[in-house]
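Final position of the sequence shown in our numbering is 891; the numbers increase by one with none missing.
Note that beta-carbon positions come from the ideal geometry of N, C-alpha and C, so glycine has one too.
Accompanying notes for the structure given below.
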Amino acid sequence: MNWYRTFFISSMVALSAQAALCENIDAGKPSTIVSAIQEIGYKAKLSKDKEGRPTIDTAMNGSNISIEFENCTKNLCRTIYAYDIWTIKEDQYSSMRSVVDDWNEKVYFSKANALEKYISISYSIDLSQGGMSYELFKSNYERWSLEHSLFIDKFQHKIDKMSAK
């Protein structure tokens with residue numbers, strides 16, 4: 727009789743995990759984003775910034791990634807914005823500016839940016855209008871991971887990997 731109970735409990739756990747994957751990933755429900763990132767295979771921790779907006783700390787390709795929520799009104803957000811930042815030496819700025827321009831001309835989804843002492847790569851996902859399915863979110867997130875990895879591989883020799891956070 728005990729195996730029935732074990733089977734029943736195991737089935738319920740599996741069904742609840744499957745149901746969570748059926749829920750749309752929605753910026754208005756940050757926990758759905760955290761769950762999706764974890765389900766894809768990355769660590770993710772939900773917290774809040776100084777203004778009380780949700781943030782997610784995660785990692786990919788050996789880098790710490792910050793995810794911020796944008797277009798927020800009345801504690802309801804529509805967009806997530808993921809980014810990674812590296813410091814650059816002052817004498818590298820002009821050469822990195824051309825690296826950034828070259829990257830942005832060739833790559834559609836992620837965007838690079840160079841400031842005085844930093845270079846960053848970012849990726850945003852619009853989750854308004856009810857969010858998106860887990861599979862579509864997973865595809866977008868894996869695309870971001872691939873582009874992030876390509877950026878590191880292509881330009882690692884030009885940047886100092888030091889966290890600007």
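Would you kindly report the start and end of the unbroken beta strand (DSSP E) that includes Lys774?
Ala770 to Lys774
Quick check on DSSP: helix, strand or coil for Ser792?
strand
Is the Cβ-Cβ distance between Lys771 and Pro780 less than 7 Å?
no
Between which residues of its own chain and Tyr844 is the CB-CB distance below 8 Å, once the five residues before and five after are set aside?
Ile811, Trp812, Thr813, Ile814 and Ala890
Quick check on Gly896: buried or exposed, where buried means 16 or more other Cβ atoms within 10 Å of its Cβ?
Because the chain is modelled from 727 through 891, residue 896 falls outside the range shown and cannot be assessed.
Does the count of Cβ pairs from the stretch 868-875 and the stretch 836-856 closer than 8 Å reach three?
yes
According to DSSP, simplified to helix, strand and coil, what is Ser757?
helix
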